[in-house]
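Q: As given, the protein sequences belong to chains A and G, one line each in that order.
Mapping to the numbering used here: the first sequence position 537 is 543, numbers consecutive.
Mapping to the numbering used here: the second sequence position 125 is 533, numbers consecutive.
For glycine and all other residues, C-beta sits at the position ideal for the given N, C-alpha and C.
I'd like to ask you about the structure that follows.
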Amino acid sequence: MPPGYKGQLLHIDLGTESSQAIALPEEVLHKYIGGRALGAKLYWDLIPPEAHPLGPDNVFMVLTGPLTGTMAPCGCKHLIVTKSPASGGWLETYSSGRIAPELKFAGYDGLLITGKAKRPSLLFIQDDKVSFQDAGHLWGQGSFATETYLKQALHPECGCLSIGPAGENLIKFACVGSDYFRKAGRGGAGAVMGAKNLKGLAIKGSGGVGCADLPGLYALIKKHYEVYKQSPIANARHKFGTPLTLNITHAAGMLPTRNFSRGQFEAAIGTIDKDGVAKATVADRACYGCFLACSKITQVDEGVFAGTKLEGPEYETIGMLGSNLEIDYLPAIIKANYICDDLGMDTISAGVIIGFAMECYERGLISKRETGGLELKFGNYLAAVELLELMGRKQGFGAFCTLGVRDMARLLGREAETFAMHSKGMEFPAYDPRAGWGSTITYSTTPRGGCHRRAWPPMKEVLGGVNPFTAEGKAELVVEMMNENSVMHSLVVCDFPGKFIPLKNPDWAEYLGVVTGQKFTAAELEQRAEVAETLVRRINIREGFTVEQDRVPRRILHEALPSGPPEGKIIGEENFLKMRSAYYALRGWDEQGLPTPETLARCGFEQEPRISLEGAQ
Amino acid sequence: MGKRVIAVQANNCTGCRMCQLACSSTKEGEFIPERARIKVVFDGLGGWSRPSVCLQCEEPMCLSVCPVQAIAKSVTATGEHVVLVDKDKCIGCQRCVAACPFGAMEFFSESLATKCDLCGGDPQCVQFCFYDCLHFVALSEEAYDKRNKRIKALYAKACKEIGRRELHGRRQAFSLAASKVAQRPQ
Numbered sequence: 007m008p009p010g011y012k013g014q015l016l017h018i019d020l021g022t023e024s025s026q027a028i029a030l031p032e033e034v035l036h037k038y039i040g041g042r043a044l045g046a047k048l049y050w051d052l053i054p055p056e057a058h059p060l061g062p063d064n065v066f067m068v069l070t071g072p073l074t075g076t077m078a079p080c081g082c083k084h085l086i087v088t089k090s091p092a093s094g095g096w097l098e099t100y101s102s103g104r105i106a107p108e109l110k111f112a113g114y115d116g117l118l119i120t121g122k123a124k125r126p127s128l129l130f131i132q133d134d135k136v137s138f139q140d141a142g143h144l145w146g147q148g149s150f151a152t153e154t155y156l157k158q159a160l161h162p163e164c165g166c167l168s169i170g171p172a173g174e175n176l177i178k179f180a181c182v183g184s185d186y187f188r189k190a191g192r193g194g195a196g197a198v199m200g201a202k203n204l205k206g207l208a209i210k211g212s213g214g215v216g217c218a219d220l221p222g223l224y225a226l227i228k229k230h231y232e233v234y235k236q237s238p239i240a241n242a243r244h245k246f247g248t249p250l251t252l253n254i255t256h257a258a259g260m261l262p263t264r265n266f267s268r269g270q271f272e273a274a275i276g277t278i279d280k281d282g283v284a285k286a287t288v289a290d291r292a293c294y295g296c297f298l299a300c301s302k303i304t305q306v307d308e309g310v311f312a313g314t315k316l317e318g319p320e321y322e323t324i325g326m327l328g329s330n331l332e333i334d335y336l337p338a339i340i341k342a343n344y345i346c347d348d349l350g351m352d353t354i355s356a357g358v359i360i361g362f363a364m365e366c367y368e369r370g371l372i373s374k375r376e377t378g379g380l381e382l383k384f385g386n387y388l389a390a391v392e393l394l395e396l397m398g399r400k401q402g403f404g405a406f407c408t409l410g411v412r413d414m415a416r417l418l419g420r421e422a423e424t425f426a427m428h429s430k431g432m433e434f435p436a437y438d439p440r441a442g443w444g445s446t447i448t449y450s451t452t453p454r455g456g457c458h459r460r461a462w463p464p465m466k467e468v469l470g471g472v473n474p475f476t477a478e479g480k481a482e483l484v485v486e487m488m489n490e491n492s493v494m495h496s497l498v499v500c501d502f503p504g505k506f507i508p509l510k511n512p513d514w515a516e517y518l519g520v521v522t523g524q525k526f527t528a529a530e531l532e533q534r535a536e537v538a539e540t541l542v543r544r545i546n547i548r549e550g551f552t553v554e555q556d557r558v559p560r561r562i563l564h565e566a567l568p569s570g571p572p573e574g575k576i577i578g579e580e581n582f583l584k585m586r587s588a589y590y591a592l593r594g595w596d597e598q599g600l601p602t603p604e605t606l607a608r609c610g611f612e613q614e615p616r617i618s619l620e621g622a623q
Numbered sequence: 409m410g411k412r413v414i415a416v417q418a419n420n421c422t423g424c425r426m427c428q429l430a431c432s433s434t435k436e437g438e439f440i441p442e443r444a445r446i447k448v449v450f451d452g453l454g455g456w457s458r459p460s461v462c463l464q465c466e467e468p469m470c471l472s473v474c475p476v477q478a479i480a481k482s483v484t485a486t487g488e489h490v491v492l493v494d495k496d497k498c499i500g501c502q503r504c505v506a507a508c509p510f511g512a513m514e515f516f517s518e519s520l521a522t523k524c525d526l527c528g529g530d531p532q533c534v535q536f537c538f539y540d541c542l543h544f545v546a547l548s549e550e551a552y553d554k555r556n557k558r559i560k561a562l563y564a565k566a567c568k569e570i571g572r573r574e575l576h577g578r579r580q581a582f583s584l585a586a587s588k589v590a591q592r593p594q
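So, in structure tokens, the structure goes:
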């Protein structure tokens, strides 16, 4: 097995409390690299179409990549792959923390969890020893208390995953926490853990991860550190963290405000933007093996939320729980973030849902009687904070909100559906596609639903000089960016070094080469991106998705934003369909978004070994 | 040039653990933080972390308790004072592990008593610390003496307080004070 890989997965059946190592054939790792692409292969082979996301047959996978645990920049991430409670199809959700390196040190490239525990349980993995413990005393408690317990019970330096009450309550946007403030937020992976009665897991490994060419790796890191030092954008990212993005999106007219009815929020500047957050920042934090340290510890010193301290808030949180709700009071956003982190909810979906509920309330589609007395007006941060508590615990009006905007809108009627900001049931992140049309392609076609992680067109449309308000060339731009991300997410490295140093496929091929000793070219990595994208597409087709789900809400296509660069510009159905068709064509998919026989043949899915829970066949 | 020591600016630590990765890969040939001679102590909820590494004491407790004189004061190729373990003499009794109040001595079944050797005068943890937390700095005679006095005072205090704390607990308790024995000269 090449260095960098462990060559095996650990399968745990919670129903029988048994575990078993499953060998990963070298040819599969060579073709799929790891992380996302390997996750697609495993999803295809292991999760049957009839499996319900919250049923025992769904597989909860925690995956790493060949660079995980090494010094390669930001190889700190893990990803969770499972069937999505939000969309019913493919879900990948990423986070940072110790879990990924500890998994490698324990001797595994990934973890497959199946079945359902008979009672609320904790799972402990220490090298090759697996044990289970009753979690009755933690059920109902937050993520923080759970992780503190896990660290005490196994090892103070262990990696752990946890869910809060939101996951226990099977909420479709329940997240999976690690290292307290790190969240695999999107798509409801926390509900999959909750459905399996798995409150938390902890891993400690005492082994190591090899490297084919250590001096080569050291030299690459030092070289790229020097490049980073010269990069103004990377240094700004280090200084301000992701809140800097707010200033960029505000200027571009892209910052979701009042449930995506505006793209600029003047009150944000100096309060909840890079400078507002910088004032509340007390320390920088870095993920494992990272030299960007974009994470900030903030604390609230006065007011009703005094004493709240956390790692964050990140841009997405400030966008969705701040400007999108017209909240310009940073302590309220920090408090809201803390509640979401502890109760185990995705801040993006939670923010979009509250924004949607506020618009419904102001339009009279929801009454004060229905909200249980909550005055759900934009800007009312006390109501927002109270509603978050109710959502996480599935109580009162909060229980209705846990349906997510798609299902809430279905119940509220056609008018509400036009401004329910989601795709495939997953709420939008904090970039309005009308201020950069490339995002209509990513939001509509990305396999897990409204998602900014497959590609981030603002990099080109706002920061890179590409015209944001045209359909021309957008499919090419998105495919290129998606393929870059596909490779990074298969190596399982953070997006930020890729975007801001920047490290591109030729650089990643070098890193892969020095760690594993395998020679890859940038073009070969590109091919692997095509295989991964096509396989994930196949998965969603098998799950019943059609071209009809590759949509964005009416508001995005037919309403104009009132201010800033996108003022008065309407995308329209025709431009949208043109971009989507061009995207399919570039991917080698037909008009209906189905991979053509030639594309499938090129990917060579038929000639490879199948992985089963009994091993490779 | 005065004597060089590892100086720690604890509040600059971001918790990236590059030091552990650099140390373990240099010493063990693979990334194995468990075997790193430098450790990073964390408080996740409190939002802080800091490295914990051998102070290279002038009057080392590990040395004085070793029954077979396997631990000795030495000088690196570049002239730094360093405390070294002689692998051939070590019998694996682990008294040194129990004696060090800062948790800087480790015991592994293959290499027996194991500690930081300053990489022979070019500590790799410092090379790969990208956040100005770890420094390898030359101290004046006066500053070096002051550092030694601080170390002595600290381990007198630590010895009283350690009780039966295991290694991690010791690091947790004394790493901040240990990081203050020598500041980076401004």
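Thr422 (chain G) CB to nearest chain A CB: under 8 Å?
A: Yes, because at least one Cβ of chain A sits closer than 8 Å to the Cβ of Thr422 (chain G).
Q: Report the three-state DSSP secondary structure of Pro601 (chain A) (helix, strand or coil).
A: Strand, per DSSP.
Q: Could you tell me which of A:Val498, A:Ile354, A:Gly247, A:Arg593 sits nearest to Ala436 (chain A), measuring between CA atoms?
A: Among A:Val498, A:Ile354, A:Gly247, A:Arg593, the Cα nearest to that of Ala436 (chain A) belongs to A:Ile354.
Q: Rounding to the nearest angstrom, what Cα-Cα distance links Gly214 (chain A) and Ser137 (chain A) in this structure?
A: Between Gly214 (chain A) and Ser137 (chain A), the C-alpha separation is close to 22 Å.
Q: In angstroms, rounded to a whole number, what distance separates the CA positions of Met585 (chain A) and Pro559 (chain A)?
A: Taking the straight line joining both Cα atoms gives about 16 Å.
Q: List the residues of chain G whose Cβ lies closer than 9 Å to the Cβ of Cys217 (chain A), in chain order.
A: Chain G residues near Cys217 (chain A): Ser433, Gly437, Glu438, Phe439.
Q: Quick one: list the residues of chain A neighbouring Gly452 (chain G), beta-carbon separation under 7 Å, in chain order.
A: Per Cβ cutoff of 7 Å: Asp185, Tyr186.
Q: Taking all protein chains shown into account, decide if Phe516 (chain G) is buried (16 or more other Cβ within 10 angstroms of its Cβ) or exposed.
A: Under this definition Phe516 (chain G) is an exposed residue.
Q: With DSSP as the reference, label Val215 (chain A) as helix, strand or coil.
A: Three-state DSSP puts Val215 (chain A) in a strand.
Q: Spatial neighbours of Arg243 (chain A) within its chain, please: CB distance less than 8 Å, with the 5 preceding and 5 following residues excluded, ordered by chain position.
A: Answer for Arg243 (chain A): Leu250, Leu298, Cys300, Phe502, Phe506, listed in chain order.
Q: Rank A:Ile333, A:Ser149, A:Gly385, A:Gly523 by C-alpha distance to the C-alpha of Gly216 (chain A) and give the top, closest one.
A: Closest by alpha carbon: A:Gly523.
Q: Please report the straight-line C-alpha distance between Ile359 (chain A) and Met77 (chain A), rounded to a whole angstrom.
A: So the alpha carbons of these two residues sit roughly 39 Å apart.
Q: Write down the C-beta distance between Asp290 (chain A) and Asn253 (chain A) rounded to the nearest angstrom, noting that I regard them as a contact closer than 8 Å.
A: About 19 Å separates the two Cβ atoms, so there is no contact after all.
Q: Which of the three DSSP states is assigned to Met364 (chain A) in this structure?
A: Looking at Met364 (chain A) - three-state DSSP - the assignment turns out to be helix.
Q: If I measure Cβ to Cβ from Gln14 (chain A) and keep anything under 8 Å in the same chain, skipping five residues before and after, which residues do I get?
A: Excluding sequence neighbours, Gln14 (chain A) sits near Ala27, Ile28, Ala29, Leu30, Gly113, Tyr114, Asp115.
Q: Can you have a look at Glu514 (chain G) and say buried or exposed, based on whether 16 or more other CB atoms are within 10 angstroms of its CB?
A: Under this definition Glu514 (chain G) is a buried residue.
Q: State the start and end residues of the unbroken alpha helix (DSSP H) segment that holds Arg243 (chain A).
A: Counting along the chain, the alpha helix (DSSP H) containing Arg243 (chain A) begins and ends at 238-246.
Q: So that I know if they touch, is there some Cβ in chain G lying closer than 8 Å to that of Ile209 (chain A)?
A: False, the Cβ-Cβ gap to chain G never drops below 8 Å.
Q: Determine whether the Cβ of His576 (chain G) lies closer than 8 Å to any Cβ atom of chain A.
A: Closer than 8 Å to some Cβ of chain A, the Cβ of His576 (chain G) qualifies, so yes.
Q: So if DSSP puts Pro188 (chain A) in a beta bridge, which residue, or which two residues, is it bridged to?
A: Residue 188 (chain A) is actually Arg in this sequence, not Pro. Paired residues: A:Ser184.
Q: Would the beta-carbon of Leu176 (chain A) fall within 8 Å of that of Ala201 (chain A)?
A: Yes. Within cutoff.
Q: Listed in chain order, which residues of the segment 70-95 of chain A have Cβ atoms closer than 8 Å to some Cβ of chain G?
A: Those residues of the segment 70-95 of chain A that come within reach of chain G (Cβ to Cβ, closer than 8 Å) are Gly75, Thr76, Met77.
Q: The alpha helix (DSSP H) spanning Ile559 (chain G) covers which residue range?
A: Taken as a continuous stretch (DSSP letters only), the alpha helix (DSSP H) holding Ile559 (chain G) covers 549-570.
Q: Please identify the residue among A:Ala363, A:Ala197, A:Ile169 whose C-alpha is closest to the C-alpha of Pro423 (chain A).
A: Rather than Pro, the amino acid found at residue 423 (chain A) in this sequence is Glu. Measuring from the Cα of Glu423 (chain A), the nearest candidate turns out to be A:Ala363.
Q: Who are the Cβ neighbours of Leu417 (chain A) in its own chain at under 7 Å, not counting the five residues just before and after it?
A: Hits under 7 Å: none found.
Q: Within the 8 Å Cβ cut-off, does Arg425 (chain G) reach chain A?
A: Chain A contact via Cβ: present.
Q: Measuring CB to CB, does Val537 (chain A) end up less than 8 Å from Trp514 (chain A)?
A: Taking 8 Å as the Cβ cut-off, Val537 (chain A) and Trp514 (chain A) do not qualify as a contacting pair.
Q: Less than 8 Å between the beta carbons of Glu516 (chain A) and Leu48 (chain A), yes or no?
A: Not in contact: Glu516 (chain A) and Leu48 (chain A) (Cβ atoms no closer than 8 Å).
Q: Which one of A:Leu336, A:Cys293, A:Leu331 has the shortest CA to CA distance from Thr277 (chain A)?
A: Nearest option by C-alpha distance: A:Leu336.
Q: If contacts are defined as beta-carbon pairs under 8 Å, then Ile499 (chain G) and Val491 (chain G) qualify, I think. What distance do you get, rounded to the angstrom?
A: Not quite, the Cβ-Cβ distance comes to about 18 Å (not below 8 Å), so this is no contact.
Q: Please classify Glu460 (chain A) as buried or exposed, where buried requires at least 16 other C-beta atoms within 10 Å of its C-beta.
A: The sequence shown places Arg at residue 460 (chain A), not Glu. Counting Cβ neighbours within 10 Å, Arg460 (chain A) comes out buried, since at least 16 surround it.
Q: Does the beta-carbon distance from Met260 (chain A) to Pro59 (chain A) come in below 8 Å?
A: No; because the gap between Cβ atoms is not below 8 Å, this pair is not in contact.
Q: Closest to Ala197 (chain A) by CA distance: which of A:Glu597, A:Thr323, A:Gly61 is it?
A: Nearest of A:Glu597, A:Thr323, A:Gly61 to Ala197 (chain A), Cα basis: A:Gly61.
Q: Tell me Glu392 (chain A)'s beta-bridge partners as DSSP assigns them.
A: According to DSSP, which records beta bridges pairwise, Glu392 (chain A) is partnered with nothing at all.
Q: So Trp514 (chain A) is in the beta strand (DSSP E); what residue range does that whole segment cover?
A: Here Trp514 (chain A) belongs to no beta strand (DSSP E); instead the alpha helix (DSSP H) covers 511-522.
Q: Determine whether the beta carbon atoms of Pro512 (chain A) and Arg268 (chain A) lie at a separation below 8 Å.
A: Against a cut-off of 8 Å, the Cβ pair of Arg268 (chain A) and Pro512 (chain A) comes out as no contact.
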